[in-house]
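J.:
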Amino acid sequence: MKAKTLSRFLMSAALLPLLLLLQACPSEVEPQDDEEKAKIAADADYKAKVFLRDNYMAVYYWWRDDVKDRNASLKPYEYDMYDYFDAMLYKDDRWSWMCDKEYYISDETGVISGTWGISLGQAVEYYRDYGLRVRYIYPGSPFEKYGVTRGAVLTHINGQNVEDRTDSPFTNEKLKIYQNNFFTSPQTFTFRLADGRDTTFTASMLTQLQTHTNLITRIFQPEEFPGLTAPVGYFHFLAFKANFLGDIAESMTYFHDNGIRNLIVDLRYNGGGDSRASDTLMTYLAPRSAVGKPYVIRKHNSYLASLDDSFKDDNNTYSIGSNAKGLDLDRIYFITGPGTASASEMVMNGLKPYLGEKLQMVGDTTYGKPNGMYVLMYPGSNNDYEAYNKGDFAKLKWVFLPIAFFNQNSKGESIPWNGFVPDNYRPDDLYHDFGVEESDINACLTHLVSGTWPALPSRTRSASTKAGDKPRYRIDTEEDRPGYGKDVVQKRVF
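Position one of the sequence shown corresponds to residue 261 (this note's numbering), numbered consecutively onward.
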C-alpha cells in the first residue's frame with residue numbers, strides 16, 4: 261500500500277554479516293529473450309523490486325510461506341513499485357505498506373510540509389451528522405488565530421456551501437467542492453465556531469509545521485467537576501515516535517511532580533508507531549510491581565527464526581523498565597476509537613495483566629492491529645544501513661514495511677483482529693473541545709467519582725438527521741487511508 265498519511269516509524273538497525281544475507285536469498289532468474297531483457301532494462305526500479313522480493317518478502321514477511329511461490333512467478337517489470345509491493349501481499353494483509361524517501365524523512369523530523377495543521381471528521385456513526393467538524397488542531401495552525409478549535413464546523417470553502425443541513429445535506433456535489441478546494445492555498449474558509457459565531461478568513465498553508473506527539477497535557481482540578489476529590493491528569497497522545505521521547509517524559513514528569521494518581525490517556529487518534537516510544541510510556545504507566553516483567557512477546561515466521569536466534573520467541577520478550585518518575589496509578593482510563601491502533605493497542609494489552617480493573621477503556625472499538633513490522637530500506641547493503649543508522653539518507657530510495665511479527669502480552673493474549681471493544685461505548689464527541697464537557701472525558705470522570713457510567717449523549721445534535729433519502733458522503737480521515745496503524749521495532753536486519 262502506498263503511504264498517503266503521516267507515518268509512525270523509525271529504524272536504527274544493527275547489521276548481520278552479508279554472508280547470511282546471501283545465504284537467505286535466491287538468485288535472480290535470467291531473462292529468457294530479448295523482449296524481456298528490454299522490459300527489464302526499461303524498468304528503473306527492477307533491481308529494487310527483485311531485492312524486495314528476495315531479501316525482504318522471502319525472509320521477514322509473516323506470510324512468506326503462503327505467498328513465496330506466487331511472488332516468484334510475478335514479473336516485476338509489469339508493475340510500478342507500489343503495485344508490485346501490493347501484488348506480493350497475502351490476501352488478508354491490510355497492514356503492510358511502503359513509502360518513498362521524502363515521505364520517510366518528513367515523518368522522522370515530525371515536520372509536516374504543506375498543511376493546514378488540522379484534522380477534520382464527521383460524527384456519522386452515532387449522530388448521523390455529516391458536517392465537517394474539527395477533530396483537533398495543532399498549535400501553530402494558520403486557523404488557530406481565527407478561533408478555530410475542536411468542534412468548529414466548516415460551512416463554506418471559497419464561498420461555496422459544504423454544510424450538512426436538513427434542507428441541504430452533504431451530497432456528492434459538496435464532497436467534490438471539499439476535495440477540489442480544501443487543499444488549495446491560499447483559500448477562503450467560513451467556520452461556525454463553538455460559540456455559534458461564523459468567522460470567514462483567507463489563509464495560506466504552512467510550508468512547514470513542527471508537530472509534537474503530546475497534543476494536550478493538563479490536570480483537571482476538583483473544582484472543575486462535581487464530586488472529584490483529587491486532581492486527574494489528562495494526556496492526549498497522538499503518535500509513538502522515537503524522535504519525540506522527550507514529549508512523553510515532559511508530560512509524565514509533570515503528572516508525577518503534581519502527585520497524579522488517576523490518569524486519562526486519550527489515544528482515540530493515535531495510530532501507533534515506534535516500540536521505543538511504547539517502551540518508554542510503559543515505564544511511566546505500569547505499576548511498580550510490574551517492573552521487570554514482560555509486556556509484549558513478538559512472534560516471527562519460522563524461517564526467519566531459523567536464520568537467526570534473535571528472532572526466536574525467547575529472544576523477543578520485552579519487559580517493563582523501571583522509572584523514578586513512574587506514576588504507580590490507582591486508576592487509568594484509555595479513550596479509544598477506530599483511530600486507536602498498533603502500539604496504542606499494544607500498550608493497553610501489555611498493561612491489562614498488571615492493572616486488571618484499574619484499567620478501563622472508554623470510547624469506540626479500536627482499529628485492530630495485532631502485528632508489527634521492521635523498517636526495511638533500499639538500497640539495503642550493509643554499508644547502506646551503516647549510513648542510515650548515522651542519519652545519512654542520501655542514497656535511500658524506498659522504505660518497505662511488510663508485517664513481520666505478531667504481538668502477545670504476558671498471558672499470551674493477542675490484540676483482537678477486529679479491535680478492542682471498550683468497557684464503556686461512547687461516540688466521539690465532535691461537539692465539544694477536550695474538557696470536562698466532552699463526552700468521553702466526562703464519562704471517565706463520572707466513573708471515577710461514582711463507579712457508574714453516564715447515559716449516552718442525545719443523538720439530536722444535527723439538523724441533518726432528517727435529510728430524507730438524499731445520499732450523504734464521508735470524507736477520508738487519517739485512519740481510513742492505507743498504511744494506518746504502525747508498530748515498528750528497533751531490530752537488526754540482514
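Glycine residues also receive a C-beta, built at the ideal position from the N, C-alpha and C atoms.
#1: If you follow the beta strand (DSSP E) that K559 is in, where does it begin and where does it stop?
#2: Would you call the stretch 479-495 in contact with the stretch 550-564, where contact means no fewer than 3 C-beta pairs closer than 8 Å?
#3: From the DSSP secondary-structure annotation, give me the bridge partner or partners of S379.
#4: Are there three or more Cβ pairs, one per stretch, closer than 8 Å when the stretch 639-648 is compared with the stretch 574-582?
#5: Which whole-angstrom value is the C-beta distance of I580 and Y555, which I expect to be below 8 Å?
#6: Exposed or buried, S401, counting other C-beta atoms within 10 Å across all chains shown (16 or more means buried)?
#7: Distance, Cα to Cα, R734 vs P429?
#8: On the premise that Y438 lies in contact with L392, defined as a C-beta separation below 8 Å, what is that separation, rounded to the nearest angstrom?
#9: Please return the same chain residues whose Cβ sits closer than 7 Å to the Cβ of A502, not counting the five positions on each side in sequence.
#10: Is D352 helix, strand or coil when you go by DSSP?
#11: Using a Cβ-Cβ cut-off of 8 Å (strictly less than) and excluding sequence neighbours within five positions of P630, which residues of its own chain qualify?
#12: Can you give me the Cβ contacts of I592 inside the same chain, cut-off strictly under 7 Å, excluding the 5 residues immediately before and after it?
#13: What's the gap between the Cα of G632 and the Cα of D652?
#14: Ordered along the chain, which non-local residues of its own chain (more than five positions away) have a Cβ less than 8 Å from that of V327?
#15: Name, in chain order, the residues that DSSP records as bridge partners for L466.
#16: Would you mind stating whether L475 and G407 have Cβ atoms separated by less than 9 Å?
#17: Can you tell me the Cβ-Cβ gap for I595 and D700, rounded? I've got them flagged as a contact below 8 Å.
#18: Comparing C-alpha positions only, which one of R528, D539, Q481, G519 sits nearest to L505?
#19: Within 9 Å of any Cβ in chain D, is that where the Cβ of I524 sits?
#20: Between which two residues does the alpha helix (DSSP H) containing M608 stretch?
#21: Comparing C-alpha positions only, which one of Y339, S549, I378, W323 sits nearest to R354?
#22: Using only alpha-carbon positions, find the residue among F311, K299, L611 that is nearest to Y638.
#23: Jot down the residue ranges of each uninterrupted beta strand (DSSP E) in the stretch 657-730, minimum 3 residues, whole runs only, in chain order.
#24: Give me, in chain order, the residues of the same chain whose beta-carbon lies closer than 6 Å to that of A463; leave out the 5 immediate sequence neighbours on both sides.
#25: Indicate whether G519 and A499 have their beta-carbon atoms separated by less than 9 Å.
#26: Of all the options P399, Y398, F442, which has the alpha carbon lying nearest to the alpha carbon of G419?
#27: State the Cα-Cα distance for the pair I663 and Y634, rounded to the nearest angstrom.
#28: What beta strand (DSSP E) runs, 3 residues minimum, are completely inside the stretch 615-641?
#29: Measuring CA to CA, which of S718, C704, D740 is closest to F485?
#30: Can you tell me where the beta strand (DSSP E) holding M358 begins and where it ends?
#31: Between Y252 and R732, which are expected to be in contact by the criterion C-beta below 8 Å, what is the C-beta distance as a whole number of angstroms?
#32: Would you mind working out which of V696, E510, P613, P446 sits nearest G374, comparing C-alpha positions?
#33: Could you say which of G623, M621, F660 lies nearest to L636 if we only look at CA atoms?
#34: Distance, Cα to Cα, A509 vs T477?
#35: Which same chain residues, not among the five before or five after A302, have their C-beta less than 8 Å away from its C-beta?
#36: Quick check on the DSSP output: the beta strand (DSSP E) that includes S579 runs from which residue to which?
T.: Reading from the atomic positions:
#1: Taken as a continuous stretch (DSSP letters only), the beta strand (DSSP E) holding K559 covers 554-560.
#2: Too few Cβ pairs lie closer than 8 Å, so no.
#3: Partner(s): Y396.
#4: With a cut-off of 8 Å, the stretch 574-582 and the stretch 639-648 do not count as touching, because too few Cβ pairs lie within range.
#5: Beta-carbon to beta-carbon, I580 and Y555 are separated by about 5 Å, close enough to satisfy the 8 Å threshold.
#6: Around the beta carbon of S401, 16 or more other beta carbons sit within 10 angstroms, so the residue counts as buried.
#7: Going by the C-alpha atoms only, they are around 12 Å apart.
#8: So it is a contact: roughly 7 Å between Cβ atoms.
#9: So the qualifying residues of the chain are L270, D534, R536, A537.
#10: DSSP places D352 in coil when its eight states are reduced to three.
#11: Cβ neighbours of P630 beyond the five flanking positions: E605, F666, N667, S674, I675, P676, W677.
#12: Within the same chain, Cβ atoms closer than 7 Å to the Cβ of I592 are found at L523, V525, L545, L615, K618, L619, the five residues on either side in sequence being excluded.
#13: About 25 Å.
#14: For V327, same chain residues with a beta-carbon under 8 Å away, outside a window of 5 residues either side, are M317, Y321, M348, L349, Y350 in chain order.
#15: In the DSSP output, where bridge partners are listed per residue, L466 has T375.
#16: No Cβ-Cβ contact shorter than 9 Å links L475 with G407.
#17: Cβ atoms of I595 and D700 come within 8 Å of each other, at about 5 Å.
#18: Out of R528, D539, Q481, G519, D539 has the C-alpha closest to the C-alpha of L505.
#19: Given the protein chain composition of this structure (a single chain), no chain D is represented.
#20: Counting along the chain, the alpha helix (DSSP H) containing M608 begins and ends at 603-615.
#21: That would be W323, whose Cα lies nearest to the Cα of R354.
#22: The option with the nearest alpha carbon to Y638 is F311.
#23: Whole beta strand (DSSP E) segments, 3+ residues: 658-661, 663-668.
#24: P402.
#25: One thing to note: G519 has its Cβ no nearer than 9 Å to the Cβ of A499.
#26: Considering only alpha carbons, the answer is F442.
#27: Straight across, the Cα-Cα distance linking I663 with Y634 is about 8 Å.
#28: Counting only runs of 3+ residues, the beta strand (DSSP E) found wholly inside the stretch 615-641 occupies 619-623, 631-633, 636-638, in chain order.
#29: Closest by alpha carbon: C704.
#30: Residues 357-360.
#31: There is simply no residue 252 to check, as the chain begins at 261 and stops at 754 in what is shown.
#32: In terms of CA proximity to G374, P446 leads the group V696, E510, P613, P446.
#33: Closest option to L636, Cα to Cα, is F660.
#34: CA-CA distance, A509 to T477, rounds to 11 Å.
#35: Once the five neighbours on either side are set aside, the close Cβ partners of A302 are Y337.
#36: Unbroken beta strand (DSSP E) run through S579: 577-579.
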